[in-house]
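Following: one structure in structure tokens, then a few remarks.
There are 2 protein chains.
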Amino acid sequence: MARDFEVLSKQTPRIDALERVTGQARYTEDVYLPGMLFARVLRSPLPHARVKSIDTSAAEKLPGVMAILHSGNDTTIWAAGDAKGRRRLFADEVRFVGDSVAAVAAVDRHTAEEATQLIKVEYEELPYVVTVEEALEEDAPKLYPEGNIREGDPGISESGNIEEGLRQADFVYEQDFITQHHNNAQLERRVSLAQWDGDRLTVWASTQGIYNCRKDIASDLKLPLNKVRVICQYMGGGFGNKNQGYDFDLMAALLAKRTGRPVRLEFTRPEDFIAVHGRWPTRQHYRIGVKNDGTLTAIHLKAYSGIGAYARGSGGINGPQAYAVPNVRTEISRVYTNTSCGANYRAPAGPQGAFAIESAMDEIAARLKMDPVEFRNKNAVTDYWGKSPLSSNGLRECLRQGAEAIGWASKRQQYASQNGAIRRGVGMAVGIWSASAGPSSAVLKIFPDGSIKVYVGVTDVGTGAKTTMGLIAAEALGVPFDAVAVVSGDTDSTPYSVGESGSRTTGSTGLAFIEASKQVREQLLAQAAERLKVPRDSLNLAGGKIVSSDGKSWEIAEVTRRNVDAITAAVTTDPSFGGKARTDFAAHFAEVEVSRDTGKVRVVRYVAAHDSGTIINRLTAASQVKGGVSQGIGMALREELIWDRNTGIPVNNHYHGAKVLLHPEAPEVEVLFVDSGEAMGPFGAKSLGEIPIVAAPAAVANAIYHASEARIRQLPITPDKLLEAFRAPGA
Amino acid sequence: MARDFEVLSKQTPRIDALERVTGQARYTEDVYLPGMLFARVLRSPLPHARVKSIDTSAAEKLPGVMAILHSGNDTTIWAAGDAKGRRRLFADEVRFVGDSVAAVAAVDRHTAEEATQLIKVEYEELPYVVTVEEALEEDAPKLYPEGNIREGDPGISESGNIEEGLRQADFVYEQDFITQHHNNAQLERRVSLAQWDGDRLTVWASTQGIYNCRKDIASDLKLPLNKVRVICQYMGGGFGNKNQGYDFDLMAALLAKRTGRPVRLEFTRPEDFIAVHGRWPTRQHYRIGVKNDGTLTAIHLKAYSGIGAYARGSGGINGPQAYAVPNVRTEISRVYTNTSCGANYRAPAGPQGAFAIESAMDEIAARLKMDPVEFRNKNAVTDYWGKSPLSSNGLRECLRQGAEAIGWASKRQQYASQNGAIRRGVGMAVGIWSASAGPSSAVLKIFPDGSIKVYVGVTDVGTGAKTTMGLIAAEALGVPFDAVAVVSGDTDSTPYSVGESGSRTTGSTGLAFIEASKQVREQLLAQAAERLKVPRDSLNLAGGKIVSSDGKSWEIAEVTRRNVDAITAAVTTDPSFGGKARTDFAAHFAEVEVSRDTGKVRVVRYVAAHDSGTIINRLTAASQVKGGVSQGIGMALREELIWDRNTGIPVNNHYHGAKVLLHPEAPEVEVLFVDSGEAMGPFGAKSLGEIPIVAAPAAVANAIYHASEARIRQLPITPDKLLEAFRAPGA
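Respectively, the protein sequence lines represent chains A and D. According to our numbering, the first sequence is numbered sequentially starting from 12. According to our numbering, the second sequence is numbered sequentially starting from 12.
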């Protein structure tokens, strides 16, 4: 369904591109306040211990030290964005290397850091578990009285009857998959700057949701919402681990209260890797019932997610959802370990789930000697997402266009039999993501000079949301994009928004802007009719001008110039989308080169075909896909945060060790957007934030198998694993 | 008319009192931005000259100098908040000592200052006039081709027939009065900090009206309004000379644009005295027709106002308006001189006008042997202000209560005949001020936790407007004051307001908050009815709780907790007040001690009786009156900005020379508020900002006359003038 847009669906540079590339953009780290103190956190060097005593006397004597918080003088409870995660900011028991023990505010960074080293802590060491396997052992040391499985039992979901489904199968595929702890590794380190004015608190945070952050801080510090302001003007990435108010926000606020000065709490890069969270690792066991004609009869997933020392994420695993199978059962246990938390990272339950199910589907197709694309076409969902009807489904079109673009049919054949050390393969996988929704507000103003301002409650976490909202407002109003300026990232300036997570910004907040645009346009045209003495029905707003049906046109300012105040619309929408699931679909195709000598893998080409409905801005949308694919390739091949099993100490909590793909290492990604005729979202848009990472690890793994016949079921697919596979009997 | 209020009309400390007294309040001068440059202005040392050349080469070589603007490289036109005042920021012709010649941005203050001294300017000196009398001489040097009288002719206003009125009189009183250039002398020096983000400009200004300032800056820099943001969180006084966008705001913005860095332009205290404006000086000639029974038949005022080098203020003179006289004519010429501008200072046309007319009335009453209070009671306005009916009039009640409080009758008698060097007297005068109006907007939110936030477009210039708006909203809503937080002073965060000038804030913006409160209350109670399953009609909001007619009550949060967004009302009102003039009235009574030996005057007691309708906050209202009285006493006795007549150089442009009253010098002021039964304004409030200064100089002058029989008709009444009077023949 092709649509004509004036400003949407083009290649539009970000509204703040200039500020971003010239260094004018002020990220939280760029905010300096007069009299500001610097704060550092002292972290546990032990994976599990009781804090017996803390002696801060030497640290307090260090000139320039202004305040020290620790378990002995602060009892603040932090809800961690999750009632189950409630705990003291500074606890008597520490549960991972990096857990907070004390926080120091001092006149400069070096003094603060030196002071943390002068704090003497006496620990009683406690036994600990580092891996999910260890945690599950019968006599394993327990992190909590309830044991190491959160809530004691797995979360179970079943539709149909799994054993009956398996019985209907001609054969049952059964296999294990393992995925790693993968740190979000966003470029921007955490900084929180807190300042009190009397009893009012302002926090400059690095957050994906200023309103989430405000709510959490107010709740934890027992402040009314009207006394807390959160500001985040520019944001340097979070990918799900900057969704709430965090412990360091509270520490900054408490230190600021105690010292009467603004306090800026900064993380070092190593702290940034361990002190919040990364993607939860999983161990997944699949049993899948298959008929010889390729029909799936049942999918049974029994899995363990490693959620680390504290409950923070769902620990869920998306997998079976992409397939229309009558009998599905999932049992997922969430396992505590004495490590950093496992929680949200872009498409939280997505790529670890897709890696397993899409590897499995590749294996099943191979056993059936079916083409993997054909196999997906046969089994993939068509009309439903769980029990909700789909608003649209472009998956088959993604499969068709993606396969064509990568040259699927010919390359599958061409690479089927290769010799030599370097071998090529093409693989593919399907990705799905169903967008969250939620209420959002929008404010739109037309000033007396005809210029327009859009007030957006979302922070632009890097997705280009500021630009997206500006584009939607401009399109809905009938004005060019450059007539619009956008205000965002300040709870005092902007209306409520649900926060940039769950791929909900475009869908939820976008609809609020369409409604606000309608209202403001209606007010403007009513005013125009009166002032220009032209019937209202004959007037319209187009191309930034007021036009009449008989061909006359007027600048907006000709009507609004005499206004003193802006024409304003403030709108809140809470879309239900007619009860439909607005699900994004993707089919990813990777071409890889595998060295049988070294086990090294190079992704040489990548095609990502996406159905996200109407694409609001093709430039930033393509960038989002490319970014997600890069993260997915990193997850497939090398990124993993590793703890020493003997000490519980993280060994690679830094950028060098994280091995995030560098620009020259990332392949060219060909991004295709298919139009599925979506009708529910703003101008037919679905969402795009999460999905790009989902299919990538599986697509790469399947391409490696195609190239080398090595099926690696544990991420990351590092050279050692491949070399071991090449050397296995029968390889 | 007594009214019962829950939160209004009490003694309420300012909502930001703690921040103000602890130094947490961030005035514009307290804002420091990373990478910020400091700017200084080079000013003309000559009262009138042509700039022949500017050589900045030496200044540019000074390390740390980043940019220099002057007439050779900048042609920006500044509208000066008045189309008639349009001129270049850096002109080829300078017209007063202090006129801008160049502006320098450098890495620190000292470098910027040194650089201004290194700029070599070649001037061609031009003839000049310093005083109004000089300017009016036939062969005086002309400031402009049109001559030294603005628009060539006086502004004339006449009602009735002045000559006819004078003919009806039994005698005609005729006299001259002179008032001085009186600098506003606010504590906060001017600072403007400008920062660009791409094409968007943010200005931290010290302004009485962020929206005025935004409009002026956008207009002068040809920017759309949506690209300009003005912030003024705390304000250290302006009293009318911080009403618009100013030249230094533009200079800061232009220097920031040129350097790509934030630029903070600061005035020194001496610059602050001369580079903007003070109250215009006047020469007033009165002819007043009086019948022997005390009836006034005609008032003729012919006057000259000194507006300085550029047109900025109205140059008007309020005088006859307080009296109900059938024949009135005023002819006021506005005269250019080569001095700093004469423009708005608290009650712009007020105290200079009241000094003359109220001195005249005192003289007439004396000639008639009538009591001055009785004389006012006979002649003062009752029902009309010009042609508009008065909304209420408490003047006679002010006269009654004020006279009683000072002990008028007995002291007039007691002090009638005195000997000795130190003599006492009581004098009185009437003051009037008619509030301006204008459209204003208000935004009010009830957050899900039941806390309330009020968004106010006015900056709190020291009047306590933030608190006032919070009180009005709390009263209108039915919640205690401490449930409310206020956001103000940022064009991005707050709705439009007309700016704090013309005594319009409480009346105009207050009404917007009443309406917003109504709307938000209605939404809340509708929600409560639904959620609590109680009929809407039985619900009310009182004491911060939702109450039902059968005596049940609920916390607001019990209803709103499940809301995600705030309940919001955004309202714009543009009150016409039924075409009525909302005029404030005051009767001031001063008791003074005059030394016949030294000519020194001490105000020993002061009673200020005011009709401003309902008093929203008795604490800040009384402070406003006391502040205005202090300024008025300073004007009466000693404050005057003086230019050397031979050089045109200001000789006392600093606090020491300004002789503003110090705290120990200010008398105790007894403030009385009378209730005139006003019905138009918010909760019956009229206004209070301007009027306290109006009557004070005249009251003091009349008290001096009562004490010493010396009638001084030229302000300030300094010891030299009094000693000269004491030594005059017949004294």
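Just so it is clear, CB atoms sit at the ideal spot from N, CA and C, and this is done for glycine as well.
| Query | Result |
| --- | --- |
| Helix, strand or coil for A/Ile417? Go by DSSP, reduced to three states. | helix |
| Considering just the uninterrupted stretch of the beta strand (DSSP E) at D/Cys243, what are its terminal residues? | It is not in any beta strand (DSSP E) - D/Cys243 carries neither H nor E in the DSSP assignment. |
| For A/Glu566, which residues from the same chain have a beta carbon less than 7 Å from its beta carbon, with the 5 sequence-adjacent residues on both sides left out? | Gly461 and Lys556 |
| If you drop the 5 nearest sequence neighbours on each side, which residues of the same chain put their C-beta closer than 7 Å to that of D/Ala180? | Gly300, Val301, Lys302, Thr308 and Ala309 |
| A/His81 by DSSP, collapsed to three states: which one? | strand |
| Can you list, in chain order, the residues of its chain with a C-beta nearer than 8 Å to that of D/Pro450? Leave out the 5 residues immediately preceding and following it. | Tyr507, Val509, Ser519, Thr583, Thr584 and Asp585 |
| Between D/Gly305 and D/Lys389, how many whole angstroms is the CB-CB distance? I'm expecting something under 8 Å. | 5 Å |
| Check the Cβ of A/Gly171 against every Cβ in chain D and list those closer than 9 Å, keeping chain order. | In chain order: nothing, as chain D lies at least about 35 Å away. |
| May I ask you to list, following chain order, the residues of the stretch 18–45 of chain A that have a beta carbon less than 7 Å from some beta carbon of chain D? | Asp27, Leu29, Glu30, Gln35, Asp41, Tyr43 and Pro45 |
| Quick one: is A/Lys456 near chain D, going by C-beta distance under 9 Å? | yes |
| Cβ closer than 7 Å: which chain D residues qualify as neighbours of A/Ser452? | Asp576 |
| Along chain A, which residues have their Cβ under 7 Å away from the Cβ of D/Thr579? | Ala581 |
| Using the Cβ count rule (16 or more neighbours within 10 Å means buried), how would you classify D/Tyr155? | exposed |
| According to DSSP, is D/Phe458 helix, strand or coil? | coil |
| Check this for me: beta carbons of D/Leu48 and D/Leu266, under 9 Å apart or not? | yes |
| Sorted by chain position, which residues of the same chain lie with C-beta nearer than 6 Å to D/Lys529's C-beta, five sequence neighbours on each side aside? | none |
| Which parts of the stretch 91–131 of chain A are runs of the beta strand (DSSP E), unbroken and 3 residues or longer, counting only runs that do not cross its ends? | 111–117 |
| Are any of the Cβ atoms in chain A nearer than 9 Å to that of D/Lys477? | no |
| Would you identify the three-state DSSP class for A/Gly300, choosing helix, strand or coil? | strand |
| Using a beta-carbon distance below 9 Å, is D/Leu236 in contact with chain A? | yes |
| Around the C-beta of A/Lys233, are 16 or more other C-beta atoms found within 10 angstroms, so that it is buried, or is it exposed? | exposed |
| Any beta carbon from chain D within less than 9 Å of A/Gly461's own beta carbon? | yes |
| By the three-class DSSP mapping on this structure, what secondary structure does A/Gly251 have? | coil |
| Determine whether the Cβ of A/Tyr466 lies closer than 9 Å to any Cβ atom of chain D. | yes |
| Considering only residues of the same chain and omitting the five flanking positions on each side of A/Val52, which have a CB-CB separation below 6 Å? | Ser111 and Ala114 |
| Classify A/Pro138: buried if its beta carbon has 16 or more other beta carbons within 10 angstroms, exposed otherwise. | exposed |
| May I ask which residues mark the beginning and end of the beta strand (DSSP E) holding A/Asp283? | Counting along the chain, A/Asp283 falls outside any beta strand (DSSP E), though it belongs to the alpha helix (DSSP H) covering Arg280 to Ile285. |
| Using three-state DSSP, classify A/Met12 as helix, strand or coil. | Note on A/Met12: pLDDT 44, under 50, position unreliable in the model; the coordinate value appears next. A/Met12 falls in the coil class under three-state DSSP. |
| Looking at the structure shown, is A/Lys63 part of a helix, part of a strand, or coil, going by DSSP? | strand |
| Under 9 Å, Cβ to Cβ, is there at least one residue of chain D near A/Ala229? | yes |
| By how many angstroms is the C-alpha of D/Ile79 removed from the C-alpha of A/Lys611? | 59 Å |
| Under 9 Å, Cβ to Cβ, is there at least one residue of chain A near D/Met12? | With a pLDDT of only 44 at D/Met12, under the threshold of 50, the placement of this residue in the model should not be trusted; the figure read from the coordinates follows. Chain A, which has no Cβ nearer than 9 Å to the Cβ of D/Met12, makes this no. |
| Mapping DSSP to helix, strand and coil, what is D/Gly610? | coil |
| Hey, out of D/Ala718, D/Arg649 and D/Leu198, whose CA is closest to D/Gln745's CA? | Residue numbering for chain D in the displayed model covers 12 to 742; residue 745 of chain D lies beyond these limits and cannot be assessed. |
| Please report the residue range of the alpha helix (DSSP H) in which D/Ser542 lies. | At residue 542 of chain D the sequence reads Arg, which differs from the Ser that was named. Counting along the chain, the alpha helix (DSSP H) containing D/Arg542 begins and ends at Gly521 to Leu543. |
| Check whether chain A comes within 9 Å of D/Gly209, counting only Cβ atoms and requiring the distance to be less than that. | yes |
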